[in-house]
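Novice:
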Amino acid sequence: MRILVFGAGSLGTLVGGLLASVHDVTLVGRGRHTSRVSKTGLDIVGAASAHVSPAATTTETGHDADLALVTVKSFDTAAAAEALAACDVDAVLSLQNGLTEEVLDARLDVPVLAGTATYGARLVGPGRVECTGIGRVVLGTLDGGASPLAERVGKAFRDADIRTLVAADMPRRRWEKLAVNAGINAVTALARVENGALAADEASDVAHRAARETARIARLEGVRLPNRVAREAIDRVVKQTAANRSSMLQDVDAKKRTEVDAINGAVVDIAAEHDFEVPTNRTLAALLRAWERGEGLR
Ligand SMILES: NC(=O)C1=CN([C@@H]2O[C@H](COP(=O)(O)OP(=O)(O)OC[C@H]3O[C@@H](n4cnc5c(N)ncnc54)[C@H](OP(=O)(O)O)[C@@H]3O)[C@@H](O)[C@H]2O)C=CC1
Ligand SMILES: CC(C)(CO)C(=O)C(=O)O
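In structure tokens form, the structure reads like this:
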């Protein structure tokens, strides 16, 4: 399969690098990293290891591919969609956090698949990416249901030894992941604590409330996600990732823009479309945005 990876940062470089062992992969990213990959290849280290030689470029448009993976941060999704509209790609798959697929779907006239990734990735330096945890990619159609395209993409991932599930219930899975991120990411980023701190702390009430609100909005959107399931998902992920610094906390640590708009902000926006109040998500989003405005981001 010819695969374009749009956003060769941590996750895109890891997944694109793994795919490059069996597929024809082009990484689209920033200058120092892509020129190192072009010259000497890419080293994958950590929980997975390989040396691979995908094509790598800073050129965003004019590519021809069977599949484009979108792995930019959520706030760069609209720009990625614009660039992909000037490419000849047959299908698009997002592996981002937050509700980004709708942004791609509204701007592109090719099928957009939804995906989630629990692999951990860290770009250590130009031409070198660390796999910090073997997780799983789950992908499927945006509206749910079976799809030959999703099956083909799932097989392409599995052929590259990426643990992958093709799921017919992506709407529920996306909203459950959103509930987890709305609770854990925002609270850990504001409290500056590892995920495990939410196990035995009053802050876990805030995370649970944010997740329950998210589940309520999912149901208003026609997605069956009971409050209990969202709450249990928070508890399970806190336990499984106790030592993690959430991606949002890592952004705050690095004084970088967070993905709040596509996580808590998205919950607030969609709630407003239903005339529904989500005070916990609204408060978390306001505090994170205040931090972003006040901090002088890099
Ligand atoms: N890292 C992880 O372990 C995981 C990440 N995710 C999700 O995946 C997404 C990506 O995360 P992550 O890989 O950590 O983020 P990174 O910031 O490491 O990667 C995104 C990369 O895309 C680049 N980029 C943005 N716009 C363009 C463009 N127009 N042309 C070329 N390159 C561009 C960015 O460059 P620049 O910074 O210079 O703009 C950056 O290098 C997020 O939604 C995240 O939540 C999900 C699961 C795990
Ligand atoms: C699951 C969780 C909360 C793990 O840290 C995550 O997705 C993130 O940090 O973005």
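Each residue of the sequence shown is one higher than the one before, counting from 1 in the UniProt record's numbering.
Every residue, glycine too, gets a C-beta built ideally from N, C-alpha and C.
Please name the residue, chosen from Val-5, Pro-126, Leu-149 and Val-15, that lies closest to Ala-80 on a Cα-to-Cα basis.
Specialist: Answer by Cα proximity: Val-5.
Novice: Tell me the DSSP secondary structure of Val-157 in three-state form.
Specialist: According to the sequence as given, residue 157 is Phe; it is not Val. Three-state result, Phe-157: helix.
Novice: So, are the CB atoms of Thr-61 and Gly-127 less than 9 Å apart?
Specialist: No. Outside cutoff.
Novice: Residue range of the alpha helix (DSSP H) that Ile-217 falls in?
Specialist: Looking at the DSSP string, the run of the alpha helix (DSSP H) that includes Ile-217 is 203–220.
Novice: Could you pull the DSSP bridge partners for Cys-131 from this structure?
Specialist: Answer is Gly-46 and Ala-121, bridged to Cys-131.
Novice: Going by the C-beta, is residue 305 closer than 8 Å to any heavy atom of ligand 1?
Specialist: With the chain covering only 1 through 298, there is no way to say anything about residue 305.
Novice: Pick helix, strand or coil for Leu-99, following the three-state DSSP scheme.
Specialist: Three-state DSSP puts Leu-99 in coil, outside helix and strand.
Novice: Between the beta-carbon of Leu-113 and the beta-carbon of Gly-140, is there less than 9 Å?
Specialist: Yes, the pair counts as a contact, with Cβ atoms nearer than the cut-off.
Novice: Should Ser-10 be listed as close to ligand 2, given that the test is whether its C-beta is under 8 Å from any heavy atom?
Specialist: No; taking the cut-off as 8 Å, the Cβ of Ser-10 has no heavy atom of ligand 2 nearer than that.
Novice: Assuming Ile-263 and Leu-190 make a contact with CB atoms under 8 Å, what is their CB distance in whole Å?
Specialist: In fact, because the Cβ distance is near 13 Å, the residues do not count as touching under 8 Å.
Novice: For Glu-101 and Leu-149, I'd like the C-alpha separation in whole angstroms.
Specialist: Distance between the alpha carbons of Glu-101 and Leu-149: 16 Å.
Novice: Thinking just about the alpha-carbon of each residue, which of Asp-143, Ala-167, Asp-161 and Tyr-119 is nearest to the one in Glu-151?
Specialist: Considering only alpha carbons, the answer is Ala-167.
Novice: Relative to ligand 1, is the shortest distance from any of its heavy atoms to the C-beta of Leu-7 smaller than 8 Å?
Specialist: Inspection of the sequence shows that residue 7 is occupied by Gly rather than by Leu. True, at least one ligand heavy atom lies under 8 Å from that Cβ.
Novice: Going along the chain, which residues of its own chain have a beta-carbon closer than 6 Å to the beta-carbon of Ala-285, five neighbours each way excluded?
Specialist: Result list for Ala-285: Val-260, Asn-264, Gly-265 and Val-268, in chain order.
Novice: Ser-94 bridges to which residues according to DSSP?
Specialist: Ser-94 pairs with Val-70.
Novice: Sort Arg-122, Thr-214 and Cys-87 by Cα distance to Val-110 and report the nearest one.
Specialist: Of the candidates Arg-122, Thr-214 and Cys-87, the one whose C-alpha sits nearest the C-alpha of Val-110 is Cys-87.
Novice: Using 8 Å as the cut-off, classify the Cβ of Ser-94 as near or not near the heavy atoms of ligand 2, replying yes or no.
Specialist: No - ligand 2 has no heavy atom lying nearer than 8 Å to the Cβ of Ser-94.
Novice: Curious, which full-length alpha helix (DSSP H) runs of at least 4 residues does the region 217–289 contain?
Specialist: Counting only runs of 4 or more, we get 227–240, 247–253 and 264–273.
Novice: Within 8 Å: the Cβ of Met-248 and any heavy atom of ligand 2?
Specialist: Because some heavy atom of ligand 2 lies under 8 Å away, the Cβ of Met-248 counts as near it: yes.
Novice: Since Ala-50 and Gly-17 should fall inside the 8 Å C-beta cutoff, what is the C-beta to C-beta distance between them, to a whole number of angstroms?
Specialist: Contact holds; Cβ gap of about 7 Å.
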